[in-house]
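Peer 1: Per the UniProt record's numbering, the sequence shown starts with residue 1, numbered consecutively.
A virtual CB, placed ideally from N, CA and C, is assigned to each residue, including glycine.
Predicted, not measured: the structure shown is a model, and the values here were computed from it.
My questions will all concern the structure given below.
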Amino acid sequence: MDTPPLVIVDAANVVGSVPDGWWRDRRGAAERLRDLLVPYAAEGLPGRPGPLELVLVVEGAARGVESVPGVRVDPAPGSGDDRIVELVREAADRPRLVVTADRELRARVTESGAEVTGPRTVRP
């Protein structure tokens, strides 16, 4: 079986894209996002049928968020953006999609061959 496409979600950026009070509970906001992502692992995303390997990169106060079936949580030891770039480079042999609106990060990951989509892809 082929390795499924890798979808890396920039938790801080996607959570921050909706002004719903996330700043009062960063960990809780990251957990809600993680749970929202679970169905995409099997069902896929628009234009990308499942199964997908989903990785949620968290940083700062969200580092304690646990993985769940369908979504692996990767706690960045430092910058979440740097960890996302590392993951993109480590998976150079397969399709990669990064979910973020961060312009600098978008440029960094596309230089490494990843595609990019915005937070609305995973947040209605």
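1. Please go through the same chain and pick out, in chain order, the residues whose beta-carbon is closer than 7 Å to the beta-carbon of A101, but skip the five residues on each side of it.
2. DSSP puts D74 in a beta bridge; with which residues?
3. Hey, D94 and P5 are a contact pair by Cβ (cut 8 Å); roughly how many whole angstroms apart?
4. Could you compute how far the alpha carbon of R34 sits from the alpha carbon of G80?
5. Any contact of the segment 18 to 37 with the segment 62 to 77, i.e. 3+ C-beta pairs under 8 Å?
6. Should V73 and L97 be called a contact, given that it needs their Cβ atoms to be closer than 8 Å?
7. If T121 and V85 are in contact, beta carbons under 8 Å, what's the gap, nearest whole angstrom?
8. For W23, is the classification buried or exposed, using 16 other Cβ atoms within 10 angstroms of its Cβ as the cut-off for buried?
9. Within 10 angstroms of its Cβ, does E59 collect 16 or more other Cβ (buried), or is it exposed?
10. By how many angstroms is the C-alpha of L45 removed from the C-alpha of E115?
11. Note down the Cα distance separating residue 144 from V71, rounded to an integer number of angstroms.
12. Starting from R94, trace the beta strand (DSSP E) in both directions and tell me its first and last residue.
13. Contact check, V7 vs L54 under 8 Å by CB: the rounded distance?
Peer 2: Well, looking at it:
1. N13, S17, G118, P119
2. V57
3. Going by the sequence as given, residue 94 is Arg instead of Asp. For R94 against P5, the beta-carbon gap comes to about 7 Å, under 8 Å, which counts as contact.
4. Inter-residue distance for R34 and G80 is about 16 Å (C-alpha atoms, whole angstroms).
5. These segments touch.
6. No, the Cβ-Cβ distance between V73 and L97 is not below 8 Å.
7. Contact doesn't hold; Cβ gap of about 19 Å is too wide.
8. exposed
9. buried
10. 13 Å
11. For residue 144 there is no data in the structure shown, the boundaries of the chain being 1 and 124.
12. Where R94 is concerned, there is no enclosing beta strand (DSSP E), given that its DSSP letter is neither H nor E.
13. 5 Å
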